[in-house]
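Note that the sequence shown covers residues 8 to 331 in this note's numbering.
Even for Gly, the Cβ is constructed at its ideal location relative to N, Cα and C.
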Amino acid sequence: MEDTVIDDIDLDLIAALQTAPRASFDVLARVLDSSARTVARRYARLVDDGAMRVICEIEWSLLAEGLPATVWIGTEPGRAPEVAHALAARADTPFVSLASGAADVFCMLHGATRADTTRALTTELPAVPGIRTLRTEWILRRLTSTASWRLPRLTSGQISALTGQNAGRTAAHPRDTPLSGLERDTVAVLRNDARMPFSTLARTLGITESRARRTVAALLESGLLRPRVEVDPRDIGYAVEAVLSIGCRPGAVKRLTASLADHPATRFLALTAAASVFTYGGVFRDEEHLADFLTGGFEGSEEVTSLECSLQLEVLKRYWTARP
């Protein structure tokens, strides 16, 4: 990314797009008390400079068989960058970072099949030069999505005005019927550009604009596609990014799920098949903000029985895309 200066007006636009990623520039301008031309110009600058993308997050069941695993990796001294770059080059890693604390490198691994993921964890990753230790935590259920995280900048009135602007929702249950060929093509096109106009999508797919609208509406309503803003938290005021393994008593899982999912720092939360119960990803203004969170800064913290923290020093790959 170029050294783009993101000011308060840009932050308001990012916050509005988080709430309504596919809203028109006219709608965004009206909500932000600006002009459509100004909004469009600022949007184009953020995208062209690589500071922001508006993408479609795809339900895991469409990407691969089974669920992903998180991998906490210890490396030989001085070899963490080499290992992280090797993992980022793999097609089955949606997220890779250099870390400190519980791991030198943290990644998420999601093979096309369960067998692929197993082979990667048991054979391929251990053979990567520089890796000394691996700890794997299989995800059982995603509890929150990064698509639901919001910058706390909009008023309740602004949020209300943007609600319902094709934001998509989380799928409660995997769809029983497979995607049609047209739906798969639509997913492939919108994956990297959630704001593509219906007219452009229709031309790309060789269908009518009305059919493109119906197909997109069905995918958004099902929760299989979730438009979202992709932006580096450090660029918008969150200097500290952390991944935690959190353990608790079985009887406290529901309470902690509700508390952590609603916390403003939470970007990702999942149940895991490991000694811990949760894998948690969060963003914080600074180290003091993280310290407050770790020392009882969320409801139900007294139920926590174990906690490991890895600071994300540098993110090399986020949502399947290498960082510039």
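Sequence-distant residues of the same chain with beta carbon closer than 8 Å to residue i, five excluded per side
i	result
Leu320	Ser104, Leu105, Ala106 and Ser107
Leu128	Ala76, Val78, Leu116, Leu141 and Thr143
Ala23	Ala30, Leu35, Val38, Leu39, Leu161, Gln165 and Leu169
Arg49	Ile16, Asp17 and Leu20
Cβ-Cβ distance between residue i and residue j below 8 Å
i	j	result
Ala329	Ala95	yes
Val46	Leu20	yes
Val284	Ile253	yes
Ser317	Ala109	yes
Ala281	Arg233	no
Ala219	Leu208	yes
Glu310	Cys255	yes
Ala43	Gly118	no
Tyr245	Arg292	yes
Glu216	Ser206	yes
Lys324	Phe32	no
Thr279	Trp145	yes
Thr82	Arg139	yes
Distance, residue j Cα to residue i Cα
i	j	result
Pro75	Thr302	29 Å
Leu314	Val194	37 Å
Gln25	Ser41	18 Å
Glu237	Arg274	12 Å
Ala91	Asp299	29 Å
Leu212	Ala259	48 Å
Arg235	Leu147	23 Å
Glu295	Pro271	16 Å
Asp269	Thr100	27 Å
Asp192	Pro84	45 Å
Ala134	Val196	35 Å
Glu89	Ala51	34 Å
Glu228	Gln172	12 Å
Gly137	Ala93	10 Å
Asp15	Pro240	15 Å
Leu69	Val322	25 Å
Arg210	Leu251	44 Å
Pro331	Ser163	35 Å
Leu297	Ala27	28 Å
Ala122	Thr130	11 Å
Pro257	Ser187	40 Å
Ile214	Gly304	51 Å
Thr125	Leu132	10 Å
Thr264	Thr312	15 Å
Val247	Arg97	26 Å
Spatial neighbours of residue i in its chain, beta-carbon cut-off 7 Å, leaving aside the 5 residues before and after
i	result
Ile13	Ala58, Asp242 and Ile243
Leu276	Leu150, Thr151, Leu267, Ala268, Phe285 and Tyr287
Pro159	Pro271
Met203	Val196 and Leu197
Whole-number beta carbon distance between residue j and residue i, since they are thought to touch under 8 Å
i	j	result
Val38	Ala168	5 Å
Val112	Ala87	6 Å
Arg149	Trp67	7 Å
Cys114	Ile80	7 Å
Own chain residues within Cβ distance below 6 Å of residue i, not counting five before or after
i	result
Pro185	none
Arg262	Gly307
Leu226	Leu232
Arg60	Glu237
Thr120	Glu72
Trp156	Arg274
Cys63	Leu197, Arg198, Ala201, Leu232 and Pro234
Beta carbon proximity, residue i to chain D, threshold 8 Å
i	result
Asp19	Protein chains in the displayed structure number just one, and chain D is not present.
What are the start and end residues of each continuous alpha helix (DSSP H) run of 4 or more residues lying completely inside the stretch 270 to 315, in chain order?
Listed in chain order, the complete alpha helix (DSSP H) runs (minimum 4 residues) inside the stretch 270 to 315 are 294 to 301.
Considering only residues of the stretch 101 to 161, which uninterrupted beta strand (DSSP E) runs meet the minimum length of 3 residues and lie entirely inside it, listed in chain order?
You should have 102 to 108, 112 to 116 and 138 to 151.
What are the uninterrupted segments assigned as alpha helix (DSSP H) that are 4 or more residues long and contained completely in the stretch 33 to 61, given in chain order?
Every alpha helix (DSSP H) stretch that sits fully inside the stretch 33 to 61 and reaches 4 residues is listed by chain position as 43 to 55.
Contiguous beta strand (DSSP E) assignments of at least 3 residues, all confined to the stretch 225 to 265
Here the runs fully enclosed are 232 to 237 and 247 to 255.
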